[in-house]
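Numbering (mature numbering (1 follows the signal peptide of the UniProt record, and there is no 0)), first residue to last: -20 to -1, 1 to 379.
Every residue, glycine too, gets a C-beta built ideally from N, C-alpha and C.
Below is one structure, written out as structure tokens, with a few remarks after it.
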Amino acid sequence: MKTTQSLIFFFLFTVFFQLAFSQDKVVSDIELYRKTISNKHKSPFTKISKEFFNQQLDTLISEVTELDKEQVIVRLLKVNASIGDEHTIMFPNADYYLPFQFKFFDEGIAITVTDSLHTKYLLYRVLSIDDTPTAEIISLLKTTIKQDNPSYSKFFEAFYFNDTSILQGLGIIKNLQEVTFRLLSPQGDTVITTVSAIKKEVITNWKYAAPYKQILAYTNVSNYWFQYNESKKVLYFNYRSCAESENESFAAFNKRLFAVINEKKPTKLILDLRFNGGGNSAILNPFIAAIKKSVLNTKNSFFVVIGQKVMSSSLMNAIELKKSTNATFVGEPTGGNINHFGEIKNFELPTLNMRVTYSTKYWENWKNKEGSLTPDIFISNSFYDFIKANDKAIEKILE
């Protein structure tokens, strides 16, 4: 009997010790976050006071014993959102991911990428996850994202929608092995399916919805590329990343681009920035210098397409083009604010398994301007256009 009691005591002591030790590590992560943001961020307390920042973290620490890891992550995301900096971001490294990737439209959230087991659900819209309606999920996600720019919020709502740690922390997902989706087919039928989350170590062979193969903008994932349409006399230039390509320097690419312009003499030039989240803004300088001097530098010949993903360096490029050329801007407001913090560095929260980026510089790109860079011609983000493989921004330019 004594031996049994001793074993039980030892087991309970071990569990208690491990739990306490784990909680201490979580608190260490929170303190590391507090110290790094307070001391290394360029100016973390422009939107909130230092006192409020510390009060939120102190409250979280006092409640750590009542929370699981995912709930702590969500609480930290909310603190981080209150800082109001688009480049100070938390990236949870969830142990599992859902077998779906999502795209947000004006008419709802659709599954546009999935694994080989669930291809029949491509282009189905999500009505609920584990009985939580999509509208409520979006409202909950908004609490973890800064809210001064609707395009930024939409981008990160989609980004976090597949993050199981956040969905668990918000109380949306209860069991990773049985996640129930209520879906709406393109034909209007409602279906219910239950899926299992996939371990992050598993490599998934993703299958893409048909429009990704049919819409020109999605057909090439190179950092930069162009296509000339002889019949329409239009040159389409997709600048997907502010980074040099391994196969061709941007300087060489730009020479080739303008050689085609000089030879073919297109009537319209389209620069598509919609999928460019940033990098090194200086890479596009040769193009900007050349287009300023080009005969195409008119509002009816030069078009720049922008959208939610345009932030950071790609936004700086767009601003420079807006200020120094006659381009007509088409699409949606940018996810990045015209004036913003940036020049990021990052650190890890080891126990919570989360990477955090923070800003070390303030970029005043256009004095006295606030919010997004907005297009001259707004194009809605329509689900029905997407499933028909219609790129309304490009179609508008071609009119």
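Next on the checklist: Whole angstroms are fine: how far does the CA of residue 102 sit from the CA of residue 20?
Outcome noted: 44 Å
Checklist entry - Is DSSP giving residue 301 helix, strand or coil here? => result helix
Checklist entry - Can you name, in chain order, every residue of its own chain whose Cβ lies under 7 Å from the Cβ of residue 150, other than the five neighbours on each side? => result 54 and 120
Next on the checklist: Please give me, in chain order, every unbroken run of the beta strand (DSSP E) with length at least 3 that falls completely inside the segment 123 to 160.
Outcome noted: none
Checklist entry - Where does the unbroken beta strand (DSSP E) through residue 324 begin, and where does it stop? => result 320 to 329
Checklist entry - Can you give the Cα-Cα distance for residue 135 and residue 257, rounded to whole angstroms? => result 11 Å
Item to check | residue 265: first and last residue of the uninterrupted alpha helix (DSSP H) it sits in | outcome: 265 to 273
Checklist entry - With residue 191 and residue 82 assumed to form a contact (beta carbons below 8 Å), what rounded beta-carbon distance in angstroms separates them? => result With a Cβ gap of about 14 Å, residue 191 and residue 82 do not count as contacting.
Item to check | For residue 194, the nearest candidate out of 371, 160 and 352 (CA to CA) | outcome: 371
Item to check | For residue 80, the nearest candidate out of 146, 94, 350 and 86 (CA to CA) | outcome: 94
Checklist entry - Taking 8 Å as the CB-CB limit, is residue 36 close to chain C? => result In the displayed structure, chain C is absent; only one protein chain is listed.
Item to check | Spatial distance of residue 264 from residue 167 (CA atoms) | outcome: 43 Å
Next on the checklist: Rounding to the nearest angstrom, what Cα-Cα distance links residue 232 and residue 271 in this structure?
Outcome noted: 16 Å
Next on the checklist: Looking at the secondary structure, which residues open and close the beta strand (DSSP E) in which residue 339 lies?
Outcome noted: 334 to 343
Checklist entry - Where does residue 377 fall in DSSP's three states? => result helix
Item to check | Distance, residue 60 Cα to residue 68 Cα | outcome: 7 Å
Next on the checklist: So if DSSP puts residue 238 in a beta bridge, which residue, or which two residues, is it bridged to?
Outcome noted: Partner(s): none; residue 238 has no beta bridge.
Next on the checklist: I'd like the ranges of any beta strand (DSSP E) spanning at least 3 consecutive residues and lying wholly in the segment 193 to 249.
Outcome noted: 204 to 209 and 214 to 219
Item to check | Reduced DSSP secondary structure (H/G/I, E/B, other) of residue 296 | outcome: helix
Next on the checklist: Helix, strand or coil, according to DSSP, for residue 100 in the structure here?
Outcome noted: helix
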